[in-house]
Amino acid sequence: MRVRGGPVRHHPPSGAVLPGGRAGDRGRGAGRAGGVRVLEVDPQQLRVPDEPGLPPGPLRPVRPAPVPGDRDREPQGGGARGLPSPKARLGGTGGAGRSPGRRRRRAYRDPGSGGRPPRRAKPLRRRPPVLLPPGLGPGGGGGGGVLRALAPFWEHLRGKAGSLALLFLLGLLGSGISLSTPLVGKAFVDAVAERRDFSVVPWVAAALAGLAVLDLALGLALRLVHAQVSARVLVEIRQRLFDRCLDGPLEHLERFRHGDLMSRFGGDVPQIQALLVDGLLGGVRNLLFLAVAAGILVRLQPALAAWSFAGVAVALGAAAAFRGPVEAMARAIRQAMADLSHFLSERLSGLRLVRFHATQPEERAEFDRLNRVLVGRVLRFQGVDAAAGGVPGLVLTWGLAWIYLLGGRLLEAGDIGLGTFVAFVLYQGRLYGPAQGLLGLVRTLQEARVSLGRVAEVLDRNEGPRPRARKPGEAEIRFEDVWFSYPGKAPVLRGLHLRVAAGEKVAVFGGSGAGKSTLVQLAFGLRRPTRGRVEVGGVNPWDLSSEDLRRFLGYAGAEPFLLHATVEENLRYGNPDVSDEAVLAAARLALAHEFILSLPEGYRTVIGGRGLALSDGQRQRIGLARLILRAPRVFVLDEAFCALDPATEARIVENLWRSFPDRAFLVIAHRWSGCRTFDRRLALRDGTLWPAEPGCPAAGLAP
303 MRVRGGPVRH
313 HPPSGAVLPG
323 GRAGDRGRGA
333 GRAGGVRVLE
343 VDPQQLRVPD
353 EPGLPPGPLR
363 PVRPAPVPGD
373 RDREPQGGGA
383 RGLPSPKARL
393 GGTGGAGRSP
403 GRRRRRAYRD
413 PGSGGRPPRR
423 AKPLRRRPPV
433 LLPPGLGPGG
443 GGGGGVLRAL
453 APFWEHLRGK
463 AGSLALLFLL
473 GLLGSGISLS
483 TPLVGKAFVD
493 AVAERRDFSV
503 VPWVAAALAG
513 LAVLDLALGL
523 ALRLVHAQVS
533 ARVLVEIRQR
543 LFDRCLDGPL
553 EHLERFRHGD
563 LMSRFGGDVP
573 QIQALLVDGL
583 LGGVRNLLFL
593 AVAAGILVRL
603 QPALAAWSFA
613 GVAVALGAAA
623 AFRGPVEAMA
633 RAIRQAMADL
643 SHFLSERLSG
653 LRLVRFHATQ
663 PEERAEFDRL
673 NRVLVGRVLR
683 FQGVDAAAGG
693 VPGLVLTWGL
703 AWIYLLGGRL
713 LEAGDIGLGT
723 FVAFVLYQGR
733 LYGPAQGLLG
743 LVRTLQEARV
753 SLGRVAEVLD
763 RNEGPRPRAR
773 KPGEAEIRFE
783 DVWFSYPGKA
793 PVLRGLHLRV
803 AAGEKVAVFG
813 GSGAGKSTLV
823 QLAFGLRRPT
833 RGRVEVGGVN
843 PWDLSSEDLR
853 RFLGYAGAEP
863 FLLHATVEEN
873 LRYGNPDVSD
883 EAVLAAARLA
893 LAHEFILSLP
903 EGYRTVIGGR
913 GLALSDGQRQ
923 RIGLARLILR
933 APRVFVLDEA
943 FCALDPATEA
953 RIVENLWRSF
963 PDRAFLVIAH
973 RWSGCRTFDR
983 RLALRDGTLW
993 PAEPGCPAAG
1003 LAP
């Protein structure tokens, strides 16, 4: 039988170097990324032996050509680091179709899982879009929409009624002092200018001095209470957003870049806090002040009061005219800040990639471009914002000038007393302050609409709470008829059955994009299956508390995340109360103790963010030691040895088997080396599991 298909890409054995390549490039992924030039082999030179029962492998097509659109979310193509290259690979793991007349092998079904044969997947159901509160879309809603959008945040004011009432009372007392000062001035002018009675001067001076001291005391108390309430509200909203990031649905959070999330913590949450505490309380206080001041103005001189109110109305109209531009520019600035924050987070995390590819000039240019975009938007916003505050202020000032002109004529005609006019002018000044405060509140509402929408996107109020009630039982993982699809994609897993019991060691092999990472995420409850059941200890992982899940399941991956902290602190992460002896024992089992002692300060050495000062193999051994220190009932090892040489890997595996004989082990890998002592070896292909034995490679894996 002849192999069908086009030219064959032949990959050299591990460590071989081709022209244009590098030593150590392995697998198809390395060939693409590393610039290795592959050898073109004529299909006529290859013949596949017609031996019945031989499972699909690198010399036999694995499955028919994929249906258009049948793509999953796993990375396409490319082997993992350390993958031994097969002798030949026919068009990747997709193959060129089965040979005519050859029967398809039945998918592996775990005898202990009690599952059924795979069935056709149900039609994909798209996740409903996030529904933003009314008025949060571009150009939609006004102040009422903002108040409705604030509904999810009212809970952060509960338990603070006493502090809020005190804050409001202090504000009212301060407003009362401000309203009483013009009356003192009126009494002074009436007594001195009209009656020539100078005996009231000491009393007026004493009254003004006393009011000033009282105003100072009230102002200090107001600032202290305000700072306390504001800080508590700010912390609670940030904590709520952080909790959502920790426990929220992974598929929802993956919609956001890290920089976008950081900008919500740093810019949007303070904006919401300012609206909750400053804006609403200040708005109510200013409205009450305006009502009292307006009543006094009408009582003093109705005609002048009407002109004053007209000026305030025109100023409010001018402020409303700037609402759209201010909101649009505020949204643009938020997005520019998010872009810059994401760029910094990504590039600083990948400094080695930048150095390896010598892309410093390009990164500097992009950083400069993002900064220029942000600065340009900020400058434009400052101009519009200055106009949004200056034009209404100009209208108010013109109104005051008009009051002086009319008041002078009334004084000349004798229709108003000098003391009354002085009091009116003083109240006019008091009137403009709260009016400008309300204008500022309008601008705050405009800017807060953007922040409310961005935070509401992350909180996703339509998602129900995660139940936390049941306790796990025996140490096992079970997958029963599990189907899983990413939104808008074809199924990644198709009726998968697997049971890993206590004391059992199971290895699952598969190429890139086969669904191995999805399998791990389902086990930890990071995603929910489209159909079927996933159980850890007989319980759905979504029904476990994070503490129970942490004690039951343990994970070590190919790229363990190391904190900017000492080696000891990284080892104790998630388990800070263990003894020093346990830390040393775990490091020895992971073969990390010796290289840790060789560091400048041993276990006290600060290894930096993501362990940049360590090699990949050293980081993996620290990650394994951290997992050993936790001693979970089920170990999940996802490419946890890919950066280690076979001898080191074999020693660590032997230590794990010997130290934890009663624990369940689920090992995800690309290669066979170091995996000779497993109870079962399974290949993940076509969305389900197949038997895989040494000498009969599956899913494009070499023995």
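For what it's worth, the working numbering labels the leading residue of the sequence shown as 303, then goes sequentially.
All residues carry an ideal CB built from backbone N, CA and C; glycine is no exception.
No experiment lies behind these values; they were computed from the predicted model shown.
Residues in its own chain within less than 6 Å of residue i by CB, not counting five upstream and five downstream?
i	result
F967	K807 and F937
G840	G775
F943	E951
V693	A620
H895	A889
R982	V808
F980	K807 and A809
Indicate whether residue i and residue j have their beta-carbon atoms separated by less than 8 Å.
i	j	result
V784	V869	no
A888	I954	no
A949	A809	no
E740	G613	Checking the sequence shown, residue 740 turns out to be Leu, not Glu. No.
G805	P963	yes
L713	F723	yes
V1075	L471	An answer regarding residue 1075 cannot be provided, because it is not within the stretch 303 to 1005 covered by the chain.
L469	H528	yes
V531	K488	no
R928	L873	yes
R829	N877	no
A634	R679	yes
Just mark residue i as buried or exposed, buried being the case when its beta carbon has 16 or more other beta carbons within 10 Å.
i	result
H659	exposed
D988	buried
L891	buried
T990	buried
E849	exposed
F544	exposed
F786	buried
K773	exposed
N588	buried
E941	buried
Q662	exposed
L653	exposed
R525	exposed
R965	buried
D499	exposed
R671	exposed
D562	buried
A467	exposed
V515	exposed
D882	exposed
T699	exposed
In terms of alpha-carbon separation, which member of the options lies closest to residue i?
i	options	result
S565	S647, L513 and A489	S647
P627	G685, I898 and V822	G685
G719	R497, Y875, F980 and L481	R497
L592	F611, Q603, G581 and R852	F611
S465	A816, R671, L583 and C944	L583
A688	V675, Q730, F624 and Y729	F624
V600	S814, E951 and L733	L733
L728	R460, L650, A667 and V491	V491
T832	G876, W456 and P793	P793
A945	L916, A607 and F781	L916
R522	L475, R559 and D499	According to the sequence displayed, residue 522 carries Leu and not Arg. The residue with the shortest Cα to Cα distance from L522 is L475.
G478	D517, E457 and A495	D517
V677	E903, R636 and L984	R636
F455	S651, L578, V838 and D670	L578
If you drop the 5 nearest sequence neighbours on each side, which residues of the same chain put their C-beta closer than 7 Å to that of residue i?
i	result
L555	C547
F567	R540 and L543
L893	R923, T950, R953 and I954
V665	First, the amino acid is wrong: residue 665 is Glu here, not Val. Excluding sequence neighbours, E665 sits near R649 and V656.
D717	none
I898	V869, A889, G904 and Y905
Y886	It is Leu, not Tyr, that sits at residue 886 in the sequence shown. If we look at L886 and ignore the five residues flanking it on each side, its Cβ neighbours are H895.
Among residues of its own chain, excluding the 5 on either side of residue i, which ones have a beta-carbon nearer than 8 Å to its beta-carbon?
i	result
G742	G691
How do the segment 859-869 and the segment 916-932 stand: do at least 3 beta-carbon pairs fall below 8 Å, yes or no? yes
Is the segment 536-546 touching the segment 562-576 in the sense that three or more CB pairs, one from each, lie closer than 8 Å? yes
Quick check: the segment 635-643 against the segment 705-725, are there 3 or more CB pairs under 8 Å? no
Assess contact between the segment 617-625 and the segment 499-517, defined as three or more Cβ pairs (one per stretch) separated by less than 8 Å. Is contact present? no
Is there contact here, the segment 825-832 with the segment 754-763, by at least three beta-carbon pairs under 8 Å? no
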